[in-house]
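This report refers to the structure that appears directly beneath it.
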């Protein structure tokens, strides 16, 4: 991929990432009076509020997947590092070394939590509530990651022009 193609792919990925963050922020604005969620108040939430929590979880998942599967590999391409046949854990470790993510372990843990809470069973209410609160607490993680990615790319001569929303 040449520099123009990389820049175009990164711009599209960043734009998509910011759309996810904007939607997450909107969903949070609709549920903030209930935060942190408890088992008791979760059971009393109306369908609209549950819908906003579900929207947040969905967009959290989409943002994490986009960043991990699209943006991180594109960054490695900009750095002229091999991407094909590279295990995802190795990509995460490289992102940690580049100070793009704070911790490979934290990334994996957030992924595990978000996957677990997508399954809503009455028997896992406590875990779901705890998971939602953790994901809400980590909203800024993706903002920070995108900002760090952008700064790194600028160091390599790629300024990404995207529609970064104000949160």
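Numbering (full-length UniProt numbering), first residue to last: 1 to 167.
For each residue, glycine too, the CB sits at the ideal point set by N, CA and C.
Residue from 3, 41, 22, 84 with nearest C-alpha to residue 170: The structure shown does not extend to residue 170, since the chain spans only 1 to 167, so no value can be given for it.
Proximity of residue 142 and residue 57 at Cβ, strictly below 9 Å: Along the chain shown, one-based indexing puts residue 142 at 142. Along the chain shown, one-based indexing puts residue 57 at 57. No; because the gap between Cβ atoms is not below 9 Å, this pair is not in contact.
Anticipated Cβ contact below 8 Å, residue 117 with residue 132, distance rounded: Counted from its first residue, the chain shown places residue 117 at position 117. Counted from its first residue, the chain shown places residue 132 at position 132. Their Cβ separation, rounded to whole angstroms, is 6 Å, which keeps residue 117 and residue 132 in contact under 8 Å.
Pairwise C-alpha distance: residue 2 and residue 126: Walking along the chain shown from the start, residue 126 turns up at place 126. Walking along the chain shown from the start, residue 2 turns up at place 2. Near 49 Å, if we compare the C-alpha coordinates of residue 2 and residue 126.
Unbroken alpha helix (DSSP H) run spanning residue 80, endpoints: Counting from one through the chain shown, the residue named residue 80 turns up at place 80. First-last for residue 80: undefined, no H or E at that position.
With 16 other Cβ atoms within 10 Å as the buried cut-off, status of residue 151: Within the chain shown, residue 151 is the residue found at index 151, counting from 1. Exposed, because fewer than 16 other Cβ atoms sit within 10 Å of the Cβ of residue 151.
Test item: CB-CB of residue 55 and residue 34 under 9 Å: Walking along the chain shown from the start, residue 55 turns up at place 55. Walking along the chain shown from the start, residue 34 turns up at place 34. Contact: no.
Nearest residue (CA-CA) to residue 135, options 91, 100, 28: On the chain shown, residue 135 is found 135 positions in, with the first residue counted as 1. Considering only alpha carbons, the answer is 28.
Beta-carbon proximity check, residue 124 vs residue 61, cutoff 9 Å: On the chain shown, position 124 is the one that residue 124 refers to. On the chain shown, position 61 is the one that residue 61 refers to. Not a contact, by the Cβ cut-off of 9 Å.
Reduced DSSP secondary structure (H/G/I, E/B, other) of residue 197: A question about residue 197 goes unanswered here, because the residues of the chain that appear run from 1 up to 167.
With 16 other Cβ atoms within 10 Å as the buried cut-off, status of residue 7: Numbered from 1 along the chain shown, position 7 holds the residue referred to as residue 7. Result: buried.
Pick from 113, 139, 144 that is closest to residue 225, judged by C-alpha positions: Since the first residue shown for the chain is 1 and the last is 167, residue 225 is missing from the structure and cannot be characterised.
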